[in-house]
DNA sequence: GCTACGCTTGATATTTAATCAAGTGAAGCA
DNA sequence: TGCTTCACTTGATTAAATATCAAGCGTAGC
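Protein chains in written order, with our numbering: chain R, 694 to 995; chain L, 694 to 995.
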């Protein structure tokens, strides 16, 4: 029978010792710095020995603290490796993602490289489909769901709201130049997607052009192709702001009007609540939530 | 930054894997077996891999479980050793105990050998004194307190109540032979301790001999000497049942009357609440509580 | 002298873990 | 065949451990 110290306190100590800062350790472990302070106090009381010398605005390891840290880290490293091996054997070191095509291509794929760099041991498999997610039958771990509500029994994280804006190539309209009125926009070729036939209608309605029709229209198989058409200068497409935020920011594409339409739909990262505890799912969850936060920030900055 | 599994679940797994029984692991960790079951389920979900094969009334490690257990144990062993070293350096690997003399000599000392065998790395230092405990000034870690209440700010565990019974040598009265009446007892030489002048009075009162005086009396410096006098056949002493339970059970000493006096005093194991988290104190606490439980059981069995 | 910034700490809230008790299923026995 | 027993599971609840919030503290640096 082993006698072990409080293990969560030990993990806090390991992080604090590595950073030599309670604050940074707290950030790493996603808690407040007070929590770290308490953990370490607790461990010190357990040991009956000081681990840190506290001085103004910084902490330093004591001699005992340093020795303890090194031994502790070795042990945690062993646990970490063992855990990785146990997962990779029969465990879930692969992550199957299902997402709507446009969201996948324009948002997820450009970011997945970063994810893979962070977690190279996890094999990602991405499927795109417009069909509703069904974890019972789909053989999929997590998904991106588009809509205004989420099925009960799913864990979900709202990634970004649907905000429709018109976009077009710089060839069509010089960068940063706005059309004077929505009516002017309607005189261009309007690019549609079969999948989303009402987007332009929604935008035109919101722009005060209820019932009006575009002069010329061009319809594509899907939103990706529609956007590509806009990039190529064929006309003005209606796009989801979050999915073109970077193209706008970098100037690759122009927004000819400031009118935006926000509706109740949004993209959600979802997975079955039963898989909540899976390390792979949790890791991806945290990563995707952070990426979405960054995207929302850049959308807001436009 | 290390990614670690739920560490408390891991500890439960280590114990369960070692015992190959959730029930025994639960006993070792002082929790119910349901708690172990949940911990292991949690860990399995985290890993996405089964660690145990559950079959009827027994669990067996899976291949992955066995590998994981071995690596995990190595890491825990490292932590355990590191912790022991950290404690022994500047830490509290010594335990200073203060206890009333009779309790120390007759109860604690005979058991301390067992404690030392269990925890050889802890240096025990025992002081005996009738004075009230004072952790502020005494330079003592834990103590045994005699009385009917405990100072605020102390953590305490009641060891055993004070129950006064007469005892004498087999020479004086053959084993298991009772006196017919308390009055008969009062005709023997009654052995007193200066420290506890009212013990006999209490007992005689309770025996219905209010106001009566003993024929002959002998007074000793302290209870230990008084008891020794009884062992030697000098007369009948009044003793605390818990402190002579083993002598009675083994027949070394005789109880000449069934009349017992129970008062509100008791022996308490105490220590400053602030030291609650010290590993050394906690370990001793658990040990002493268990020993007292055994003593109470043997007292009750008399 | 003032501000800023990490750590500490008391009160409180939240989350996690434990308990309790009922349920399950198979071995062992009548 | 049917009953009992025993170890594990599981849903509901309780208890304990952790985290948060916000105020406090102390000094380096302005």
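Backbone N, C-alpha and C define an ideal beta-carbon position, used for all residues, glycine too.
Selected residue, minimal CA-CA separation from residue i, among the options
| i | options | result |
| --- | --- | --- |
| residue 902 of chain R | R/935, R/737, R/880, R/708 | R/880 |
| residue 853 of chain L | L/732, L/825, L/810, L/937 | L/937 |
| residue 856 of chain R | R/989, R/712, R/707, R/711 | R/989 |
| residue 771 of chain L | R/770, R/764, R/774, R/775 | R/764 |
| residue 996 of chain L | L/962, L/970, L/886 | Given a span of 694 to 995 for chain L in the structure shown, any question on residue 996 of chain L remains unanswerable. |
| residue 814 of chain L | L/841, L/836, L/786, L/792 | L/786 |
| residue 818 of chain L | L/864, L/939, L/805 | L/805 |
| residue 775 of chain R | L/761, L/942, L/992, L/773 | L/761 |
| residue 701 of chain L | L/736, L/946, L/721, L/711 | L/736 |
| residue 717 of chain L | L/946, L/957, L/906, L/750 | L/750 |
| residue 808 of chain L | L/904, L/948, L/977, L/797 | L/977 |
| residue 861 of chain R | R/738, R/725, R/926 | R/926 |
| residue 696 of chain L | R/823, R/843, R/768 | R/768 |
| residue 944 of chain R | R/985, R/995, R/986 | R/995 |
| residue 822 of chain L | L/812, L/829, L/791, L/728 | L/791 |
| residue 777 of chain L | R/991, R/954, R/698 | R/698 |
| residue 969 of chain R | L/694, L/707, L/734 | L/734 |
| residue 714 of chain R | R/738, R/896, R/745, R/906 | R/745 |
| residue 755 of chain L | R/720, R/898, R/782, R/896 | R/782 |
| residue 859 of chain L | L/843, L/954, L/985 | L/954 |
| residue 917 of chain R | R/773, R/707, R/798 | R/798 |
| residue 703 of chain R | L/773, L/759, L/712 | L/773 |
| residue 939 of chain L | L/991, L/899, L/986 | L/991 |
| residue 919 of chain R | R/986, R/820, R/889, R/720 | R/889 |
Per-residue contacts from residue i into chain L (C-beta, under 8 Å)
| i | result |
| --- | --- |
| residue 769 of chain R | 695, 697, 768 |
Integer-rounded CB distance, given that residue j should sit under 8 Å from residue i
| i | j | result |
| --- | --- | --- |
| residue 935 of chain R | residue 800 of chain R | 7 Å |
| residue 950 of chain R | residue 913 of chain R | In fact, because the Cβ distance is near 21 Å, the residues do not count as touching under 8 Å. |
| residue 878 of chain R | residue 837 of chain R | Not a contact, Cβ separation roughly 30 Å. |
| residue 748 of chain L | residue 738 of chain R | So it is not a contact: roughly 43 Å between Cβ atoms. |
| residue 959 of chain L | residue 824 of chain L | Contact flag wrong, Cβ pair sits at about 18 Å. |
| residue 897 of chain R | residue 891 of chain R | The Cβ separation is near 10 Å, so there is no contact. |
Beta-carbon proximity check, residue i vs residue j, cutoff 9 Å
| i | j | result |
| --- | --- | --- |
| residue 910 of chain R | residue 866 of chain R | no |
| residue 834 of chain R | residue 964 of chain R | yes |
| residue 742 of chain L | residue 743 of chain R | no |
| residue 974 of chain R | residue 788 of chain R | yes |
| residue 850 of chain L | residue 967 of chain L | no |
| residue 753 of chain R | residue 732 of chain R | no |
| residue 794 of chain L | residue 915 of chain L | yes |
| residue 893 of chain L | residue 952 of chain L | no |
| residue 946 of chain R | residue 863 of chain R | yes |
| residue 722 of chain L | residue 729 of chain L | yes |
| residue 871 of chain R | residue 948 of chain R | yes |
| residue 812 of chain R | residue 980 of chain R | yes |
| residue 710 of chain L | residue 766 of chain L | yes |
| residue 694 of chain L | residue 708 of chain R | yes |
Interface residues of chain L facing residue i [CB-CB closer than 7 Å]
| i | result |
| --- | --- |
| residue 729 of chain R | In chain order: nothing, as chain L lies at least about 15 Å away. |
| residue 704 of chain R | 697, 700 |
Interface partners of residue i on chain R, CB under 7 Å
| i | result |
| --- | --- |
| residue 761 of chain L | 775, 779 |
| residue 973 of chain L | 741 |
| residue 970 of chain L | 735, 738, 739 |
| residue 782 of chain L | 742, 757 |
| residue 721 of chain L | 694 |
Per-residue contacts from residue i into chain R (C-beta, under 9 Å)
| i | result |
| --- | --- |
| residue 764 of chain L | 771, 772, 774, 775, 776, 778, 779 |
query = If you scan the segment 736 to 762 of chain L from start to end, which runs of the beta strand (DSSP E) of 3 or more residues do you find wholly inside it?
reply = Whole beta strand (DSSP E) segments, 3+ residues: 745 to 748, 751 to 754.
request  = With a floor of 3 residues, list each beta strand (DSSP E) that falls wholly inside the segment 937 to 978 of chain L, ordered by position along the chain.
outcome  = Note on the segment 937 to 978 of chain L: whole beta strand (DSSP E) runs with a minimum of 3 residues are 954 to 965, in chain order.
request  = Go through the segment 772 to 838 of chain R residue by residue and report every complete run of the beta strand (DSSP E) that reaches 3 residues or more, in order.
outcome  = With a minimum length of 3 residues, the continuous beta strand (DSSP E) runs that stay inside the segment 772 to 838 of chain R are 787 to 792, 816 to 821.
query = Can you list the alpha helix (DSSP H) stretches of 4 or more residues lying completely in the segment 854 to 913 of chain L, in chain order?
reply = The segment 854 to 913 of chain L is shown to contain whole alpha helix (DSSP H) runs of 4 or more residues at 875 to 878, 892 to 899, in chain order.
query = Where are the alpha helix (DSSP H) runs, 4 residues long or more, that stay fully inside the segment 913 to 938 of chain L, in chain order?
reply = Taking 4 residues as the minimum length, the alpha helix (DSSP H) runs contained wholly in the segment 913 to 938 of chain L are 916 to 924, in order along the chain.
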